[in-house]
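Taking numbering that gives the first Met the number 0, the leading residue of the sequence shown gets 0, the next gets one more, and so forth. A short write-up of the structure that comes next.
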Amino acid sequence: MSGQNVVVIGAGIVGASTALALQRDGHQVILIDREGPCAGASFGNAGAIVNESCAPTAMPGIVFDVFRMIGRPLSPFTIRLSYLPRALPWMLRFLNESRRSRVNANAKNLHALTKVAEKSWRRLTSGTDLGDLLRPGGWLKVYESDKSFAGTAFARSLMDELGAPYEILDPAGIQELEPHLAPIYAHGLFVREGLMISDPGRMTNEMIELFLSRGGRLQKFTAERLEIGADNIVVHDRSDSLAADKVVIAAGAWSRKLAAQIGDRVPLDTERGYHLMLPASSSALLERPVMSGDHSFVLSPMDEGLRLASQVEFAGLTAAPNYSRIRSLVPAAMRMLPAISTKEQSVWMGCRPSLPDSLPVLGYATKCDRVLYSFGHQHLGMTLGPRTAQITADLVAGRDPQIDMRPYRADRF
Numbered sequence: 000m001s002g003q004n005v006v007v008i009g010a011g012i013v014g015a016s017t018a019l020a021l022q023r024d025g026h027q028v029i030l031i032d033r034e035g036p037c038a039g040a041s042f043g044n045a046g047a048i049v050n051e052s053c054a055p056t057a058m059p060g061i062v063f064d065v066f067r068m069i070g071r072p073l074s075p076f077t078i079r080l081s082y083l084p085r086a087l088p089w090m091l092r093f094l095n096e097s098r099r100s101r102v103n104a105n106a107k108n109l110h111a112l113t114k115v116a117e118k119s120w121r122r123l124t125s126g127t128d129l130g131d132l133l134r135p136g137g138w139l140k141v142y143e144s145d146k147s148f149a150g151t152a153f154a155r156s157l158m159d160e161l162g163a164p165y166e167i168l169d170p171a172g173i174q175e176l177e178p179h180l181a182p183i184y185a186h187g188l189f190v191r192e193g194l195m196i197s198d199p200g201r202m203t204n205e206m207i208e209l210f211l212s213r214g215g216r217l218q219k220f221t222a223e224r225l226e227i228g229a230d231n232i233v234v235h236d237r238s239d240s241l242a243a244d245k246v247v248i249a250a251g252a253w254s255r256k257l258a259a260q261i262g263d264r265v266p267l268d269t270e271r272g273y274h275l276m277l278p279a280s281s282s283a284l285l286e287r288p289v290m291s292g293d294h295s296f297v298l299s300p301m302d303e304g305l306r307l308a309s310q311v312e313f314a315g316l317t318a319a320p321n322y323s324r325i326r327s328l329v330p331a332a333m334r335m336l337p338a339i340s341t342k343e344q345s346v347w348m349g350c351r352p353s354l355p356d357s358l359p360v361l362g363y364a365t366k367c368d369r370v371l372y373s374f375g376h377q378h379l380g381m382t383l384g385p386r387t388a389q390i391t392a393d394l395v396a397g398r399d400p401q402i403d404m405r406p407y408r409a410d411r412f
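Next comes the structure, spelled out in structure tokens:
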């Protein structure tokens, strides 16, 4: 089936990728967003395209970490006490997903998406200038002690079982790969495959510019209500409406209310993440994103500077940012990379859309064949944007998406 009118709600990396994939199939696509292009989590992430990622956030033993960190405002994972009553149902589901049987299933289903992440990006950017923003080099995670590295044993067993490649580095191997790192690391976990995007915001905006140059439409529009008709679906805001054959909800952290209108009550919450930009001179010190396994932050070399990114904070969509969370990590970043300039250029906070099982919601709405979902990508929106866009395009076209859709359905909880 081709030539349909489709409205894509959400102009982040997932929505932009989806709009391009649908447009390539010959559909007339309108991309809408409440704030405009790349105003949410797509702007401020670490830029890593983590090919073959398979470790969900909920892992065995995390229950002890969660209860230890609740209410501690500067811990890597925290829940603001004022938000705890609202977060509790999500958190209980999250803890349930940390059972080994669930972790194994979630890892398998996550890997089914990420194992072709790089290929999906190459396909999306083929024949365009977008590929200039893709940088090879993989990603590196470093550990200061035998004890902290031993904590990765279960994650590595998942990678081994699923055939996800990685290399274990000794101190000499770490220094050879990233010579500017301080010689304080006992172990490294290096994933050679994968890419990074040197400017995630620019990538998303240029994807939208490409979409517009090919005849697509972009409109600032707050989708407040969906009305299902006999032969179409209408998206309403306070003063306007858009009619379409299909609607794709790719609104990230704002997708929950729209899905509920269609009858799918999805346990979507937001993991607020932060970044702090350091001067461009510091960006040249690294070749790839490097994550501290001991302190749970990433240093990522971007075109405009070195990005310090970290944190999982549950506080909802409207609470004021707590930038002291990311600023508190600057001393640890200096310890990792002593030559950096610590002059703060900017700080940012964004809301990652997250489900308890670390899997996105994909495919048709449970009760409506005019609505498709593509949200809940958690920490992997940049990794999976083009991959899940192709799945959505296949479903709209009536093609086999070449993946079992059941693990990603909206009513799986």
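Even glycine gets a Cβ: it sits at the ideal position worked out from N, Cα and C. Predicted, not measured: the structure shown is a model, and the values here were computed from it.
DSSP, reduced to helix, strand and coil, places F148 within a helical segment of the structure shown. For D268, the enclosing beta strand (DSSP E) has its first and last residue at D268 to L277. In its chain, beyond the 5 residues on either side, A45, P288, M290 and A308 have a beta carbon closer than 6 Å to the beta carbon of V297. Going by DSSP, L133 is part of the beta strand (DSSP E) stretching over L133 to P135. Of all alpha-carbon atoms in M195, F76, D159 and G172, the one lying nearest the alpha-carbon of A116 is that of M195.
Residues of the same chain with a CB within less than 7 Å of the CB of W120, apart from the 5 flanking positions on each side, are I48, L133, L194 and P385 in chain order.
Judged by beta-carbon spacing, V247 lies within the 8 Å limit of V7, meaning their Cβ atoms are closer than that value. Note on K245: 16 or more other CB atoms within 10 angstroms of its CB, so buried under the neighbour-count rule.
A residue is called buried once 16 or more other Cβ atoms fall within 10 Å of its Cβ, and P36 is buried on that count. In terms of Cβ geometry, M348 and Y273 form a close pair [threshold 8 Å]. If you ignore the 5 residues before and after R122, its C-beta comes within less than 8 Å of the C-beta of P385 and Q389, all in its own chain and listed in chain order. Annotation for S147: G292 and D293 place their beta carbon closer than 6 Å to its own, counting only its chain and skipping 5 residues before and after. Counting only the Cα atoms, D368 lies some 16 Å from P400.
Counting along the chain, the unbroken beta strand (DSSP E) around D32 starts and ends at Q27 to D32.
In the three-state reduction of the DSSP assignment, Q174 falls in the helix class. Under DSSP, C350 takes part in a beta bridge, and its partners are R271. Under the three-state reduction of DSSP output, S309 falls in the strand class. As the crow flies, the alpha-carbon of G2 is around 19 Å from that of A15. A residue is called buried once 16 or more other Cβ atoms fall within 10 Å of its Cβ, and K118, having fewer, is exposed. Counting along the chain, A116 sits inside the alpha helix (DSSP H) bounded by residues A116 to T124. Look at I339 here: in three-state DSSP terms it is coil, with no helix or strand label. Between P199 and S353, the beta carbon gap of about 18 Å keeps them out of contact (Cβ cut-off 8 Å). Membership of H235 in the beta strand (DSSP E) is indicated by the continuous run I232 to H235. For G362, the enclosing beta strand (DSSP E) has its first and last residue at V360 to Y363.
With a beta-carbon spacing of about 6 Å, L139 and G187 fall inside the 8 Å limit used to define contacts. Here P355 really is in contact with P266; their C-beta atoms are around 6 Å apart, less than 8 Å. Inside the segment 185-271, DSSP marks whole alpha helix (DSSP H) runs of 4 or more residues at positions 199-212 and 254-260, from first to last along the chain.
The Cβ-Cβ distance between L217 and L30 falls below 8 Å. Look at K140 here: in three-state DSSP terms it is strand. With contacts defined as CB atoms closer than 8 Å, E51 and K107 fail to qualify as a contacting pair. For E177, the number of other beta carbons within 10 angstroms of its own is at least 16, and it is reported as buried. Going by beta carbons, Q344 and E270 fall outside the 8 Å limit.
For I325, same chain residues with a beta-carbon under 7 Å away, outside a window of 5 residues either side, are Y273, H274, L275, L307, S309, Q310 and V346 in chain order. The count of Cβ pairs closer than 8 Å, one atom from the segment 311-321 and one from the segment 70-82, reaches three, so the stretches are in contact.
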